[in-house]
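S.K.:
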Amino acid sequence: MDIIAGGSLRDRRPPIGRKVSPISEKVIHGLLITASSVSFFITAAIICTLVDGSIRFFSFNEVRMFGFFFGTEWVPSGQDPRFGIAPLVLGTFLVAGGTISISGTVGIGAALFLSEFAPLKLRSILKPVVELLAGIPSIVYGFFALFTIGPIVRELFPGATYFNVLQGVVVMSFMVMPIIVSISDDALNAVPNYMREASLALGATRWETSLKIVMPAASSGIAASILLGLARAIGETMVVTLAVGSVAGLHVNPLLEAQPMTSYIAQTATGDIPPGTPAAEAAFAVALVLFAITFVVNWIAGRIVIQIKKGSIVETEPNFLERKFRKLTSGFTDARRKKPYVKRSSIRAMDRSRRLIPQKGEERRLMLRHVKGNAGKVVTSLSLVIAVVFLAYLLIDVFTDGIVVITWDFLTAEPGWRLNELSIMPAIMGSAYLMILTMVFALPVSVATAIYFNEVARDTFYTRFIRRMIQNLAGVPSIVFGLVGLAIFVRTFNFGPNLLAGSLTLALMIMPIIVVSSEEALKSVPYSFREAARGMGATRWQTIKHHVIPNAVPGIITGTILALSRAIGETAPILFIGAMFSRVAPEGIFDSFVALPLTIFFWSRQVEDYRPYASGTIIVLLMILLTMNAIAIFIRYRSQKKRDW
Amino acid sequence: MICMPIYNSDIIYIFLFVLSPFGEKKMKRNEVPEIGWLAILVIGVVVAAGCIGGKDGSPKLVQTGSSTVLPLAVAWAAEFDGAEISVSGGGSSHGINSLLNEEADLGDASRLMKGSDYEKVGGDPSLVTADGQATGPAPTGVWPHKWIVAYDVLTVVVNNNNDYATRLNYSQLYKIFTDDDPVVYWDEVPGLGSTSPHRKIEIYAPDEASGTYDYFFEEIIPHWGKDEQQADTRLNSGDGVYHPSADDNVILNAVQSNEYAIGYFGFAYYRGNTEKIRAVSIAKDDDYEEPSLANVANYPMARPLHIYTNGIPESGNVINDYLRYVLSDDGQAIVPEVGYVNLALVDQFLVSSQLSKLGA
Numbered sequence: 015m016d017i018i019a020g021g022s023l024r025d026r027r028p029p030i031g032r033k034v035s036p037i038s039e040k041v042i043h044g045l046l047i048t049a050s051s052v053s054f055f056i057t058a059a060i061i062c063t064l065v066d067g068s069i070r071f072f073s074f075n076e077v078r079m080f081g082f083f084f085g086t087e088w089v090p091s092g093q094d095p096r097f098g099i100a101p102l103v104l105g106t107f108l109v110a111g112g113t114i115s116i117s118g119t120v121g122i123g124a125a126l127f128l129s130e131f132a133p134l135k136l137r138s139i140l141k142p143v144v145e146l147l148a149g150i151p152s153i154v155y156g157f158f159a160l161f162t163i164g165p166i167v168r169e170l171f172p173g174a175t176y177f178n179v180l181q182g183v184v185v186m187s188f189m190v191m192p193i194i195v196s197i198s199d200d201a202l203n204a205v206p207n208y209m210r211e212a213s214l215a216l217g218a219t220r221w222e223t224s225l226k227i228v229m230p231a232a233s234s235g236i237a238a239s240i241l242l243g244l245a246r247a248i249g250e251t252m253v254v255t256l257a258v259g260s261v262a263g264l265h266v267n268p269l270l271e272a273q274p275m276t277s278y279i280a281q282t283a284t285g286d287i288p289p290g291t292p293a294a295e296a297a298f299a300v301a302l303v304l305f306a307i308t309f310v311v312n313w314i315a316g317r318i319v320i321q322i323k324k325g326s327i328v329e330t331e332p333n334f335l336e337r338k339f340r341k342l343t344s345g346f347t348d349a350r351r352k353k354p355y356v357k358r359s360s361i362r363a364m365d366r367s368r369r370l371i372p373q374k375g376e377e378r379r380l381m382l383r384h385v386k387g388n389a390g391k392v393v394t395s396l397s398l399v400i401a402v403v404f405l406a407y408l409l410i411d412v413f414t415d416g417i418v419v420i421t422w423d424f425l426t427a428e429p430g431w432r433l434n435e436l437s438i439m440p441a442i443m444g445s446a447y448l449m450i451l452t453m454v455f456a457l458p459v460s461v462a463t464a465i466y467f468n469e470v471a472r473d474t475f476y477t478r479f480i481r482r483m484i485q486n487l488a489g490v491p492s493i494v495f496g497l498v499g500l501a502i503f504v505r506t507f508n509f510g511p512n513l514l515a516g517s518l519t520l521a522l523m524i525m526p527i528i529v530v531s532s533e534e535a536l537k538s539v540p541y542s543f544r545e546a547a548r549g550m551g552a553t554r555w556q557t558i559k560h561h562v563i564p565n566a567v568p569g570i571i572t573g574t575i576l577a578l579s580r581a582i583g584e585t586a587p588i589l590f591i592g593a594m595f596s597r598v599a600p601e602g603i604f605d606s607f608v609a610l611p612l613t614i615f616f617w618s619r620q621v622e623d624y625r626p627y628a629s630g631t632i633i634v635l636l637m638i639l640l641t642m643n644a645i646a647i648f649i650r651y652r653s654q655k656k657r658d659w
Numbered sequence: 014m015i016c017m018p019i020y021n022s023d024i025i026y027i028f029l030f031v032l033s034p035f036g037e038k039k040m041k042r043n044e045v046p047e048i049g050w051l052a053i054l055v056i057g058v059v060v061a062a063g064c065i066g067g068k069d070g071s072p073k074l075v076q077t078g079s080s081t082v083l084p085l086a087v088a089w090a091a092e093f094d095g096a097e098i099s100v101s102g103g104g105s106s107h108g109i110n111s112l113l114n115e116e117a118d119l120g121d122a123s124r125l126m127k128g129s130d131y132e133k134v135g136g137d138p139s140l141v142t143a144d145g146q147a148t149g150p151a152p153t154g155v156w157p158h159k160w161i162v163a164y165d166v167l168t169v170v171v172n173n174n175n176d177y178a179t180r181l182n183y184s185q186l187y188k189i190f191t192d193d194d195p196v197v198y199w200d201e202v203p204g205l206g207s208t209s210p211h212r213k214i215e216i217y218a219p220d221e222a223s224g225t226y227d228y229f230f231e232e233i234i235p236h237w238g239k240d241e242q243q244a245d246t247r248l249n250s251g252d253g254v255y256h257p258s259a260d261d262n263v264i265l266n267a268v269q270s271n272e273y274a275i276g277y278f279g280f281a282y283y284r285g286n287t288e289k290i291r292a293v294s295i296a297k298d299d300d301y302e303e304p305s306l307a308n309v310a311n312y313p314m315a316r317p318l319h320i321y322t323n324g325i326p327e328s329g330n331v332i333n334d335y336l337r338y339v340l341s342d343d344g345q346a347i348v349p350e351v352g353y354v355n356l357a358l359v360d361q362f363l364v365s366s367q368l369s370k371l372g373a
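Residue numbers (our numbering), protein chains in the order written: chain A, 15 to 659; chain B, 14 to 373.
Below, the structure is given as structure tokens:
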């Protein structure tokens, strides 16, 4: 998020040394600018692809633009197709709204507990556990929603259909929760301790302090986390495709089937929708609307995050939305001075408790406040407990179902087609090569972009613009990348559906993540290193190359591994590109490939006998993810130990 | 084309080796930064491991198309030794379209090629005949040739507790599955007898993009696909009775758990689950036939499954070898295992005539 704060080190500190600019420096400077412009091209490519497809869609006779935006029926095929997007949008907001209500309350409660009440040791265990929830691929959640949560929902609510909104919402709440917990926790922690101390000194209980002082102070961060969680829920594809349904209906009943926008886009890839028909091209129009919605939500969240960053250089004039938002929260914060504003009722409460000899009524009121506080602590800790229990249930369920199929042959032999001959060897190798290639494509450009923004760039309109582009790219739903990858790499560049197209698509998707984490890594290198190098006469690029980068490498590698661990579990981007079966591992970059998440998806749609094999594949995928995260944490730990600054 | 690493366990050790130098921090003046070494190492490893010890390149084929043909295509790809085939779904239309665009070598289709397929690649629709063959190539240069590889028995299924709708004819199916004055309750269906309950019918069946859907409605709706089509499907009536799904497993589960449900899919899904749901005997008029592989000659809803190739591949071409395998006794023996009907059960002549085209 820091990249939005604007300005590189060049602007934040006084310039050092003369401006020595031999040709090589200029060349490198140019290369860095080019690399950072890639994000602009990516965004442009996305928009162009979606607009181009939408134009093709609207040029069909059966499609009316007015009917698209304001129509209430979505019947894409058949004799009398109707393309009113309202049911799809309603489906998305029904799912996203339900998700954010649950994960918002549970998430903020959990974050409050983690940052204010949890003992440090407990916190160090629980926070990674919650973040583990974020690391589980969405296809696993979708699988769980349909086959485990589904029967429970149908038993509890007899009116529920096989596909329904509720099972998707339940599962997605836990998928989105880590985002809210993580960012809210950061926001709560960022509230300076002197506020808590002052409040406690005035006699408030810890619970009152947290609720009435700390939380309002962190309100903008918490609001931002909710908006980001909302954006995530809006863009989620695999859970809704597997569990929520494929019939668009204009209703708000969570027990019935609905079709969110992302589910329709995925349907055009996996269903038998003929290419070139209105139904297929409609995916682009729907994706464009989706892109616009997530863009707006992420943009709002970004603007709010600027508020909470201390020392932000860019202080723009508050625009219309910002002024409205500041007005809303002005009861809690003094926007100009950015200090928390203590409510009078709180002061009165503190006053009352200041009397040294408590009267009878006083004692009772004090007891009540403590009871409330303890109740509050219990309730918020329950939020965490719910999250942990859910995670455990999911893991145990998948594990018990799938562990039986994991044999040496299942992992390494060439697969046959009969049940006892199934093997995921091609999928493991396909995923591995996909990750290597994705890293090869994504890493250089992303690191160059991070270097440019952090070390070299001035704070101009262009750099702020590119930064905003990158921030938005991070919020684009993965199915949109899938669609764009198909249109650009498979069709326009005519690579065909192979490793090259797949890895380029994934590289586009994880580029923003690597940029952000690389920039954090570069920032962590103390400025004095650069000063010392320049003081000895090094040019700017020499400084970067020999002093900044080597010290930032562990952080960059960690960030890359974490980004790849996200990419390996992604189904939606490669849905259009990967194959369903291959007997061998891919041998060249122009070969078709099978990947682990695709295999899970494929097998979960076969007869029930295949389900344990799908579960087994999930176990393997989770093990790989665990290993990658462990390596990343290990690298981070080792580098911090060796650090001597 | 860079040589990519092939499957061998050295890769894993090399990758770990690549990750190991990261704790080190070198501050000497002329050091090449680690990231430079990392890049060289990874790329070097990738290239070297790929170019050393190559696996003998089996020819590679790309097969895509109908999700009905998919399990069969997967089985044949797994058993056929002469090539490495990567199989994906996407639908009959996608399969034919990929073949026409030269993106695939084999296009699976559970329906016949139509004039609209040619139109989509800018060709002349009149070149496509009524039996799914083409009299001339498409503008892309591809001239698709149809091969019939198996038959599918489309099975209508109801819940296990349903003992009143065990036999249905086409006109009853018409009343249930189309929007032409459709029935809402089971006891409204004409001819079912007094045991049928006054309960709402729930339909769980393939979505409109599926070839199975296309075939089913082609059978029960007169003039399907033409302007004078008599009625539209229940799905498009908007009354919410027809719950579509692209996933047959889902349809199975839905019909199994819902007492008043009815659905349809390919025989393979029924065959694997006979104790969970009940199959309905179908008749065009009043000659009711059970769905089964053996009964395919009499069963009204038996449809052919196709693979399209670019022309008739010559002898010695790997695609020719593949088709010969598919039509051979070995290849056809797998078909019932997967859940479809082998050609010999329908018409022995189909096998021999196609094999002779291949020069066998």
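Ideal Cβ positions, reconstructed from N, Cα and C, are used throughout, including at glycine.
#1: Let me check understanding here. Comparing Cα to Cα, which of Ala163/B, Ala88/B and Ala267/B lies closest to Pro429/A?
#2: For a contact defined as C-beta to C-beta under 9 Å, what are the partners of Glu622/A on chain B?
#3: How big is the Cα-Cα spacing for Val268/B and Ile193/A?
#4: Could you please tell me which residues of the segment 542 to 572 of chain A, in chain order, have their CB closer than 8 Å to any CB of chain B?
#5: Could you name each continuous alpha helix (DSSP H) segment of 4 residues or more that falls completely within the segment 94 to 154 of chain B, going from the start of the chain to the end?
#6: Looking at C-alpha atoms only, which residue of Ala293/A, Tyr407/A and Gln485/A is the closest neighbour of Asn312/A?
#7: For Val87/B, which residues in chain A fall below 8 Å Cβ to Cβ?
#8: Checking 9 Å against the spacing of the C-beta atoms, do Tyr164/B and Tyr353/B come in under that value?
#9: Are the CB atoms of Val261/A and Glu130/A within a distance shorter than 9 Å?
#10: Does DSSP classify Ala148/A as helix, strand or coil?
#11: Are Leu578/A and Ile524/A closer than 9 Å when you measure CB to CB?
#12: For Val303/A, which three-state DSSP category applies?
#13: How about Phe595/A and Ser101/B: do their beta carbons lie closer than 9 Å?
#14: From Thr665/A to Val300/A, what distance separates their C-alpha atoms?
#15: Which parts of the segment 446 to 510 of chain A are runs of the alpha helix (DSSP H), unbroken and 4 residues or longer, counting only runs that do not cross its ends?
#16: Beta-carbon within less than 7 Å of Asn355/B's beta-carbon, same chain only, minus the 5 sequence neighbours each way: which residues are those?
#17: Do you know how far the Cα of Gly510/A is from the Cα of Leu45/A?
#18: Check for me: the beta strand (DSSP E) holding Trp160/B runs from which residue to which?
#19: Of all Cβ atoms in chain A, is any one closer than 9 Å to the Cβ of Ile275/B?
#20: Would you mind stating whether Ser229/B and Tyr273/B have Cβ atoms separated by less than 9 Å?
#21: Please tell me whether Asp605/A and Lys73/B are closer than 9 Å, where the distance is taken between their beta carbons.
#22: By how many angstroms is the C-alpha of Gln76/B removed from the C-alpha of Ala86/B?
#23: What residue ranges within the segment 193 to 253 of chain B form continuous beta strand (DSSP E) runs of no fewer than 3 residues, ordered along the chain?
#24: Round the Cβ separation of Lys188/B and Pro210/B to the nearest angstrom and send it over; I've been treating them as touching at under 8 Å.
#25: Since Asp342/B meets chain A, which of its residues come closer than 7 Å, beta carbon to beta carbon?
#26: Determine the extent of the beta strand (DSSP E) in which Thr106/A is found, giving its start and end residues.
#27: Going by C-alpha distance, which of Val567/A, Ser653/A, Ser115/A and Arg432/A is nearest Tyr624/A?
#28: Can you name, in chain order, every residue of its own chain whose Cβ lies under 7 Å from the Cβ of Ala464/A, other than the five neighbours on each side?
#29: Between the C-alpha atoms of Ala122/B and Asn110/B, what's the straight-line distance to the nearest angstrom?
#30: Indicate whether the contact test is met: 3 or more Cβ pairs, each with one atom in the segment 535 to 549 of chain A and one in the segment 559 to 571 of chain A, closer than 8 Å.
#31: Contact between the segment 414 to 421 of chain A and the segment 626 to 639 of chain A: three or more CB pairs below 8 Å?
#32: Per the DSSP calculation, Val89/A is bridged to which residue(s)?
#33: For Gln654/A, count the other beta carbons within 10 Å of its own beta carbon; 16 or more makes it buried, fewer makes it exposed. Which is it?
#34: Alpha carbon to alpha carbon, what distance is there between Ala244/B and Asn311/B?
#35: Would the segment 182 to 199 of chain B and the segment 233 to 247 of chain B be scored as touching if the rule is three or more Cβ pairs under 8 Å?
#36: For the segment 200 to 216 of chain A, enumerate the residues whose C-beta is nearer than 7 Å to any C-beta of chain B, in chain order.
M.R.: Let's see:
#1: Within the first sequence, residue 429/A is the residue found at index 415, counting from 1. The residue with the shortest Cα to Cα distance from Pro429/A is Ala88/B.
#2: Numbered from its first residue, the first sequence carries residue 622/A at position 608. By Cβ distance, chain B contributes Asn262, Leu265, Asn266, Gly285, Asn286 and Lys289.
#3: For the purposes of this step, residue 268/B is taken as residue 255 along the second sequence, with counting starting at 1. For the purposes of this step, residue 193/A is taken as residue 179 along the first sequence, with counting starting at 1. One alpha carbon belongs to Val268/B, the other to Ile193/A, and they sit about 38 Å apart.
#4: Taking 8 Å as the Cβ-Cβ cut-off against chain B, the residues of the segment 542 to 572 of chain A that qualify are Lys559, His560, His561, Ile563, Pro564, Asn565, Val567, Pro568, Ile570 and Ile571.
#5: Secondary structure within the segment 94 to 154 of chain B: the alpha helix (DSSP H) runs of 4 or more consecutive residues, fully enclosed, are 105 to 113 and 128 to 133 (chain order).
#6: Reading the first sequence from its first residue, position 298 is the one you call residue 312/A. Closest in C-alpha terms to Asn312/A, from the list Ala293/A, Tyr407/A and Gln485/A, comes Gln485/A.
#7: Position 74 of the second sequence, counted from the first residue, corresponds to residue 87/B. Listed along chain A, the residues sitting closer than 8 Å to Val87/B by beta-carbon distance are Trp431, Met594 and Phe595.
#8: Stepping through the second sequence from its first residue, residue 164/B is reached at position 151. Stepping through the second sequence from its first residue, residue 353/B is reached at position 340. Yes, Cβ-Cβ distance for Tyr164/B and Tyr353/B is below 9 Å.
#9: Residue 130/A sits at position 116 when you count from the first residue of the first sequence. Residue 261/A sits at position 247 when you count from the first residue of the first sequence. Not in contact: Glu130/A and Val261/A (Cβ atoms no closer than 9 Å).
#10: Locating residue 148/A in the first sequence gives position 134, where the first residue counts as 1. For Ala148/A, the three-state secondary structure derived from DSSP is helix.
#11: Position 564 of the first sequence, counted from the first residue, corresponds to residue 578/A. Position 510 of the first sequence, counted from the first residue, corresponds to residue 524/A. A contact, by the Cβ cut-off of 9 Å.
#12: Walking along the first sequence from the start, residue 303/A turns up at place 289. In this structure, Val303/A counts as helix in the three-state DSSP scheme.
#13: Looking up residue 595/A in the first sequence gives position 581. Looking up residue 101/B in the second sequence gives position 88. For Phe595/A and Ser101/B, yes; Cβs fall inside 9 Å.
#14: Here chain A comprises residues numbered 15 to 659, so residue 665/A is not present and cannot be evaluated.
#15: List check, alpha helix (DSSP H) in window: 475 to 487 and 492 to 499.
#16: By one-based count along the second sequence, residue 355/B stands at place 342. Answer for Asn355/B: Ala163, Gln345, Val348 and Pro349, listed in chain order.
#17: If you number the first sequence from 1, residue 45/A lands on position 31. If you number the first sequence from 1, residue 510/A lands on position 496. Cα atoms of Leu45/A and Gly510/A: separation of roughly 29 Å, rounded to the nearest angstrom.
#18: If you number the second sequence from 1, residue 160/B lands on position 147. DSSP places Trp160/B inside the beta strand (DSSP E), whose first and last residues are Pro157 to Asn172.
#19: Taking the second sequence and counting its residues from 1, one reaches residue 275/B at position 262. Using beta-carbon distances, Ile275/B does not count as an interface residue toward chain A, since no partner is under 9 Å.
#20: Counting from 1 along the second sequence, the entry for residue 229/B is found at position 216. Counting from 1 along the second sequence, the entry for residue 273/B is found at position 260. At residue 229/B the sequence reads Phe, which differs from the Ser that was named. No, the pair does not count as a contact, with Cβ atoms beyond the cut-off.
#21: Position 591 of the first sequence, counting from 1, holds the residue named residue 605/A. Position 60 of the second sequence, counting from 1, holds the residue named residue 73/B. Cβ distance < 9 Å, so Asp605/A and Lys73/B count as in contact.
#22: For this step, residue 86/B is matched to residue 73 along the second sequence. For this step, residue 76/B is matched to residue 63 along the second sequence. Distance between the alpha carbons of Ala86/B and Gln76/B: 8 Å.
#23: Fully enclosed beta strand (DSSP E) runs of 3 or longer: 215 to 219.
#24: Stepping through the second sequence from its first residue, residue 188/B is reached at position 175. Stepping through the second sequence from its first residue, residue 210/B is reached at position 197. So it is not a contact: roughly 16 Å between Cβ atoms.
#25: Here residue 342/B refers to the residue found at position 329 of the second sequence. In chain order: nothing, as chain A lies at least about 18 Å away.
#26: In the first sequence, counting from the first residue as 1, residue 106/A sits at position 92. For Thr106/A, there is no enclosing beta strand (DSSP E); the residue is part of the alpha helix (DSSP H) that begins and ends at Ala100 to Leu126.
#27: On the first sequence, residue 624/A is found 610 positions in, with the first residue counted as 1. The candidate whose alpha carbon is nearest that of Tyr624/A is Arg432/A.
#28: As a working mapping, residue 464/A is identified with position 450 in the first sequence. These residues qualify, in order along the chain: Val529, Ser532, Glu533 and Leu536.
#29: For the purposes of this step, residue 122/B is identified with residue 109 of the second sequence, where counting begins at 1. For the purposes of this step, residue 110/B is identified with residue 97 of the second sequence, where counting begins at 1. Their Cα atoms are separated by approximately 10 Å.
#30: The segment 535 to 549 of chain A vs the segment 559 to 571 of chain A: in contact.
#31: Between the segment 414 to 421 of chain A and the segment 626 to 639 of chain A, the count of Cβ pairs shorter than 8 Å is three or higher; the stretches touch.
#32: Along the first sequence, one-based indexing puts residue 89/A at 75. Partner residues in the beta bridge of Val89/A, as assigned by DSSP, are Arg96/A.
#33: The sequence position of residue 654/A within the first sequence is 640, counting from 1. Its Cβ having fewer than 16 others within 10 Å, Gln654/A is exposed.
#34: Here residue 311/B refers to the residue found at position 298 of the second sequence. Here residue 244/B refers to the residue found at position 231 of the second sequence. So the alpha carbons of these two residues sit roughly 27 Å apart.
#35: Yes: at least three Cβ pairs fall under 8 Å.
#36: Of all residues in the segment 200 to 216 of chain A, none has a Cβ within less than 7 Å of some Cβ in chain B.
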